[in-house]
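J.: Numbering-wise, my numbering comes out as the position in the sequence shown, counting from 1, plus 56. Virtual Cβ for every residue (Gly too), placed ideally from N, Cα, C.
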Amino acid sequence: MKLFDFMGKRDFDAGAIDKAYNPETKVALLGRQNRILKANLERSFMISRALWEIVRFQCGLTDEDILRKVSEIDLRDGVLDGKNEGTPTICPGCGRRVSTRNPACPYCGGVIDESIFNVD
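1. Count the other CB atoms, across all protein chains shown, that sit within 10 Å of the CB of L37; report buried if there are 16 or more and exposed otherwise.
2. Using only the alpha-carbon positions, how far apart do M63 and G165 sit?
3. Given that a residue counts as buried once 16 or more other Cβ atoms are within 10 Å of its Cβ, and exposed if not, what is I168?
4. Specify, as a first and last residue, the run of the alpha helix (DSSP H) that A95 falls within.
5. Can you tell me whether DSSP reads M63 as helix, strand or coil?
6. Determine the direct distance from the alpha carbon of E109 to that of T81, and round the result to whole angstroms.
7. Where Q114 and D121 are concerned, what is the direct C-alpha to C-alpha distance, given to the nearest angstrom?
8. By a C-beta neighbour count over all protein chains shown, 10 Å radius and 16 as the cutoff for buried, is C147 buried or exposed?
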């Protein structure tokens, strides 16, 4: 079992749901997709928990330290709401406002964010 097997893996075809004409087929596909997403979320939580326990032990940090950091990251968008939504950024290529969720500008194709933490 590889640690990050689920990352980037397409266990389902999202387009298949739209192509399914039969409502029962759509329900079955959505149910399968939901189970896969839930399993991936649970695995991500377990990996995050393991990483935190290693860091806490090796660096002498406390749960308060991570809670403080989580709040700091949450407030980067100006709202303490449990979401990590960045404010729009300016594309260096064309100067238009672009969502930070886009790795590239939809107008000119310029690179917006090369962060490994960019979420689709």
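T.: Working from what's here:
1. Given a span of 57 to 176 for the chain in the structure shown, any question on residue 37 remains unanswerable.
2. Below a pLDDT of 50, predicted positions are generally treated as unreliable, and M63, at 48, falls in that range; no measurement from the model is reported.
3. Buried, by the Cβ-count rule.
4. Here the alpha helix (DSSP H) through A95 covers 79-115.
5. Low confidence applies to M63: its pLDDT is 48, below 50, so where it sits in the model is not reliable, and the reading given next is rough at best. Correct three-state label for M63: coil.
6. 42 angstroms
7. Roughly 14 angstroms separates the two Cα atoms.
8. buried
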